[in-house]
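Numbering (the working numbering), first residue to last: 1 to 169.
See below:
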């Protein structure tokens, strides 16, 4: 093989490696986008006429979550299906990955849940506390707790919000 043929072959080989790496990188981009999308996807079961559920969904979307809503007549069977005790109940039930999310949980706590990945059933804000996302009423704010619900049905405080705490988007 002449020097020219060796140089040409070397150049071709040197070009093939970066092209192969670039092709592999381009092919994995849709998979990364899909993984990122599904990690931020929240499925919400709510009644069609509940305005505060609509506002909570808007809060999640504003905070960068992709939200899919399902209108149902009663959310209690959904909670039961996901293994969440009725004592944690609120007006809507959601799924974020493998977690159950009940009630007006702030988006920042959902991001924290995804970041920390605790061994738990999910998060709950029982009832409908004023000032929680979706339950804004001017400057009126109730103190409330976001509960980490464990698989055995027990819970512990994950984050407390005072009547002076504001929720960040």
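Glycine is no exception: its CB is placed at the ideal position from the N, C-alpha and C atoms.
Bridge partner(s) assigned by DSSP for residue 46: 71, 92
Same chain only: Cβ atoms within 7 Å of residue 143, ignoring 5 sequence neighbours per side: 161, 162, 163
Three-state secondary structure (DSSP) of residue 150: coil
Residue environment, residue 118, which counts as buried when at least 16 other CB atoms sit within 10 Å: exposed
Strand pairing of residue 157, partner residues [DSSP]: Beta-bridge pairing links residue 157 to 147.
Under the three-state DSSP convention, the category residue 102 falls into: If DSSP states are grouped into helix, strand and coil, residue 102 belongs with the strands.
Residue of 115, 114, 123, 112 minimising C-alpha distance to residue 103: 123
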